[in-house]
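What follows is one structure encoded as structure tokens, with my remarks underneath.
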Amino acid sequence: MNNGLPVITLAGNPNSGKTSIFNSLTGAKQHVANYPGITVEIKEGKAVSGELTAEIIDLPGTYSLTPYSPDEVAARDYLLEQHPDVVIHVVDASNLERNLYLTTQLMELGVPVIIALNMIDIAEDRGIRIDSEGLSKILGIPVLRTVGNRGTGTEELLKKALSIACEKTSWTPIELSYGQASDNALRILEKRIIETGLLMDMVPPGWLALRLLEQDSHTLNRVKRLSSPEGNDILELSADLADRVFREMNDETEGVIADHRYGFVAGVVKRVKSYSTVNRVYISDRIDRFLTNPFLGPVVMVAVLFGLFQFTFFVSSTPIALMEGFFSWLHTFAWSALPEGLLRSLVVSGAIDGVGGVVGFVPLIMFMFFFISILEDTGYMARIAFLMDRIFRKFGLHGNSIVPFIVSGGITGGCAVPGIMAARTLRDPRERIATILSVPFMNCGAKLPVYALLIAAFFSAKEGLILFLLTLISWTFALLSARMLRSTILKGESTSFVLELPPYRLPSLTSLLIHMWERTWLYLRKAGTVILFASVVMWALMTFPILPADHASSLTDNELAQARLSYSIAGRAGRAFESITKPLMGFDWKTDVALIGGFAAKEIVVSTLGTVYSMGEIDSEDSSSLSERLADEEGWNPVVAFALIMFTMLYIPCIATVAVIKRETRSWKWAGFAIVYTTGAAMIVATVAYQIGMLFY
Ligand code: GDP
Ligand code: MG
Numbered sequence: 180m181n182n183g184l185p186v187i188t189l190a191g192n193p194n195s196g197k198t199s200i201f202n203s204l205t206g207a208k209q210h211v212a213n214y215p216g217i218t219v220e221i222k223e224g225k226a227v228s229g230e231l232t233a234e235i236i237d238l239p240g241t242y243s244l245t246p247y248s249p250d251e252v253a254a255r256d257y258l259l260e261q262h263p264d265v266v267i268h269v270v271d272a273s274n275l276e277r278n279l280y281l282t283t284q285l286m287e288l289g290v291p292v293i294i295a296l297n298m299i300d301i302a303e304d305r306g307i308r309i310d311s312e313g314l315s316k317i318l319g320i321p322v323l324r325t326v327g328n329r330g331t332g333t334e335e336l337l338k339k340a341l342s343i344a345c346e347k348t349s350w351t352p353i354e355l356s357y358g359q360a361s362d363n364a365l366r367i368l369e370k371r372i373i374e375t376g377l378l379m380d381m382v383p384p385g386w387l388a389l390r391l392l393e394q395d396s397h398t399l400n401r402v403k404r405l406s407s408p409e410g411n412d413i414l415e416l417s418a419d420l421a422d423r424v425f426r427e428m429n430d431e432t433e434g435v436i437a438d439h440r441y442g443f444v445a446g447v448v449k450r451v452k453s454y455s456t457v458n459r460v461y462i463s464d465r466i467d468r469f470l471t472n473p474f475l476g477p478v479v480m481v482a483v484l485f486g487l488f489q490f491t492f493f494v495s496s497t498p499i500a501l502m503e504g505f506f507s508w509l510h511t512f513a514w515s516a517l518p519e520g521l522l523r524s525l526v527v528s529g530a531i532d533g534v535g536g537v538v539g540f541v542p543l544i545m546f547m548f549f550f551i552s553i554l555e556d557t558g559y560m561a562r563i564a565f566l567m568d569r570i571f572r573k574f575g576l577h578g579n580s581i582v583p584f585i586v587s588g589g590i591t592g593g594c595a596v597p598g599i600m601a602a603r604t605l606r607d608p609r610e611r612i613a614t615i616l617s618v619p620f621m622n623c624g625a626k627l628p629v630y631a632l633l634i635a636a637f638f639s640a641k642e643g644l645i646l647f648l649l650t651l652i653s654w655t656f657a658l659l660s661a662r663m664l665r666s667t668i669l670k671g672e673s674t675s676f677v678l679e680l681p682p683y684r685l686p687s688l689t690s691l692l693i694h695m696w697e698r699t700w701l702y703l704r705k706a707g708t709v710i711l712f713a714s715v716v717m718w719a720l721m722t723f724p725i726l727p728a729d730h731a732s733s734l735t736d737n738e739l740a741q742a743r744l745s746y747s748i749a750g751r752a753g754r755a756f757e758s759i760t761k762p763l764m765g766f767d768w769k770t771d772v773a774l775i776g777g778f779a780a781k782e783i784v785v786s787t788l789g790t791v792y793s794m795g796e797i798d799s800e801d802s803s804s805l806s807e808r809l810a811d812e813e814g815w816n817p818v819v820a821f822a823l824i825m826f827t828m829l830y831i832p833c834i835a836t837v838a839v840i841k842r843e844t845r846s847w848k849w850a851g852f853a854i855v856y857t858t859g860a861a862m863i864v865a866t867v868a869y870q871i872g873m874l875f876y
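Going by the numbering used here, the first residue of the sequence shown is number 180, and it counts up by one from there.
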């Protein structure tokens, strides 16, 4: 069959890449061969290297030469009967342990072997490092690295295989130790085989002894078929010896021998394989025992989030004060530099105050995002997602929804714009949209000044407690909203996407800064564009039409400011809304004007309230004087204030958020729905709060 050409046979586990290497070696010069008695397909081809041509055989995949499947029988019989000159043992480097088992058996057989350490690319991707030189030394076999599907290293492989094949070396089995009991039995058997010369033209006596001791049925049958007296004698002896080993080891010889092969493989692997990430994976595992523990995990999580929250406020307080100082200086400067009139009013009240109120929060937002990036880059955010997954699933969301929730203000002080963008990690469209529609309920940084103002005015004794309550309430509404959406318009199965738990890593500062900056920039851009524009529009709506001069006579400054506002477009709209909002929620027209302004950005609620209550120069952070004023104002009481807080928390997301919802869902439908949905929810909740509150007030 081999027409004098050297024969190179490819052997290895299924899917180790034999056929890929075969194709790369032979190109088009191949065909399917038929061997007598073998039904399994064996491919044959020719390969040329320099002057030399070789016959290449692609054997079916086999895990072991103690065959169980027809493929394995075919592969083994081929090796025993055709005596190839060299076997290229294709080893999947990403699965070294299992593949090397066959190596031990090839070495037992003694056929000249060369190892193609294939799939080396996959192994490297998984952080597996294999010392191929070391492996070659330990086994006494040449080892070459290949990437079969790309043909990398196969030329070398062919050269090496050919040089071995041409030596026509005789088969030299190695002797492994299988434990004392088996070794003794093998010695006895082998001696008898050599004495009788049984099947020695075909296989090495040591190999036959091993097979017989394993009581391998194919080998037993083959000897039986000889029906020679020596053969039968040896069969009897092998059964006897196997029995003896069994009694001694309390295990089948096949198992005992396999165990020792595995032991040998394990020892080899230990010396040649290392993980570039082994420590990280191992340490991560250890850490996760605590951090994802069902009892300890949540405790640590709450502590981490709380600490982060505190620390963010602590480190950002000075920069915020500086920013505020700057904007109040700018305010005063512009006020004195510009002549009295519409322009000054536009620049100071419209542009500077509006944008300043937002930009003042930038340090807080920046630090917040910096710490959130730390959580993400270290891998801890994935653990939080893991811990929250069970809870989130109850609300029809996915553990990964936690990131949008936190970024949007879950720990207070976020922003829904990057929060909604963070929902990109959710793969199920329904879970994603439910998350996107629910996160605007979280307490973003812009709502805080509104809360601060109203809390200072009406609940000053319990500031911290109320803020904490508001955080809980916003979570409750956001989650309930998700549940509701997921059982109505976004109905569907929860996905079972597996949460990935990447190994913990030390984050790189560059990546942290980039993440922080990306998100801060989104926020800043909102301040520079949408909010600037909206502040100017609000200013115009509250300024025009200008109250005719004859109306203005005999009024105090205060009354004049109010009259002007009331006469403006915003004032008229507010008064139109008052007929609905006053009986339902207790909001007067001035509050309505402020809430209309809040569509531009929630901070504007405060600055507008300032203007409306004719305290012109109030900016959104220093609102103590306004809060005193509100506390004394007729028609205001804690119930109204609470209803207003609820309304602010829930109603219409700011323009920037609506824009980002549109962009992320690629549909105006969802953006429009968000507006109606949130405002509807706000009206219902604020009405219920006001009506019930008034019963007890
Ligand atoms: P066989 O069952 O041993 O004949 O394996 P195949 O040659 O059919 O290969 C199984 C799969 O692994 C195929 O999809 C090949 O494209 C792929 N493959 C083979 N060698 C490599 C390799 O070195 N690297 C990678 N990444 N894939 C490989
Ligand atoms: Mg194949």
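Positions of the beta carbon are idealized from the N, C-alpha and C atoms, including for glycine.
For residue i, the three-state DSSP class (helix, strand or coil)
| i | result |
| --- | --- |
| residue 227 | strand |
| residue 370 | helix |
| residue 343 | helix |
| residue 220 | coil |
| residue 126 | With the chain represented from 180 up to 876, any question about residue 126 goes unanswered, as that position is not in the structure. |
| residue 802 | Note on residue 802: pLDDT 48, under 50, position unreliable in the model; no value is reported. |
| residue 268 | strand |
| residue 787 | helix |
| residue 463 | helix |
| residue 326 | strand |
| residue 453 | strand |
| residue 874 | helix |
Within 9 Å, strictly: CB atoms of residue i and residue j
| i | j | result |
| --- | --- | --- |
| residue 509 | residue 535 | yes |
| residue 766 | residue 822 | yes |
| residue 829 | residue 861 | yes |
| residue 715 | residue 530 | yes |
| residue 548 | residue 597 | yes |
| residue 560 | residue 587 | no |
| residue 578 | residue 585 | no |
| residue 838 | residue 709 | yes |
| residue 364 | residue 424 | yes |
| residue 826 | residue 864 | yes |
Among the options, nearest to residue i - alpha-carbon criterion
| i | options | result |
| --- | --- | --- |
| residue 740 | 611, 696, 776, 726 | 726 |
| residue 849 | 330, 668, 256, 264 | 668 |
| residue 188 | 718, 195, 235, 517 | 235 |
| residue 272 | 575, 377, 245, 194 | 194 |
| residue 486 | 253, 422, 551 | 551 |
| residue 258 | 247, 284, 233 | 284 |
| residue 274 | 833, 343, 302 | 302 |
| residue 184 | 601, 372, 470, 342 | 342 |
| residue 444 | 772, 650, 276, 689 | 276 |
| residue 645 | 654, 631, 657 | 631 |
| residue 751 | 760, 768, 870 | 768 |
| residue 652 | 687, 590, 611 | 590 |
Euclidean distance between Cα positions of residue i and residue j
| i | j | result |
| --- | --- | --- |
| residue 580 | residue 836 | 17 Å |
| residue 226 | residue 566 | 57 Å |
| residue 795 | residue 712 | For residue 795, the predicted structure reports a pLDDT of 43, less than 50, and the residue's modelled location is therefore unreliable. The matter cannot be settled from this model. |
| residue 421 | residue 440 | 17 Å |
| residue 614 | residue 555 | 19 Å |
| residue 261 | residue 221 | 13 Å |
| residue 178 | residue 202 | The chain is shown only over 180 to 876; residue 178 falls outside these bounds and no answer can be derived. |
| residue 872 | residue 818 | 6 Å |
| residue 313 | residue 359 | 28 Å |
| residue 469 | residue 475 | 6 Å |
| residue 526 | residue 505 | 16 Å |
| residue 517 | residue 749 | 26 Å |
beta-carbon residue i near the ligand GDP non-hydrogen atom, thresh 8 Å
| i | result |
| --- | --- |
| residue 301 | yes |
| residue 178 | Outside the shown range of the chain (180 to 876) lies residue 178, about which nothing can therefore be said. |
| residue 201 | yes |
| residue 192 | yes |
| residue 326 | yes |
| residue 417 | no |
Residue i beta carbon near the ligand MG (any heavy atom closer than 8 Å)
| i | result |
| --- | --- |
| residue 237 | yes |
| residue 240 | yes |
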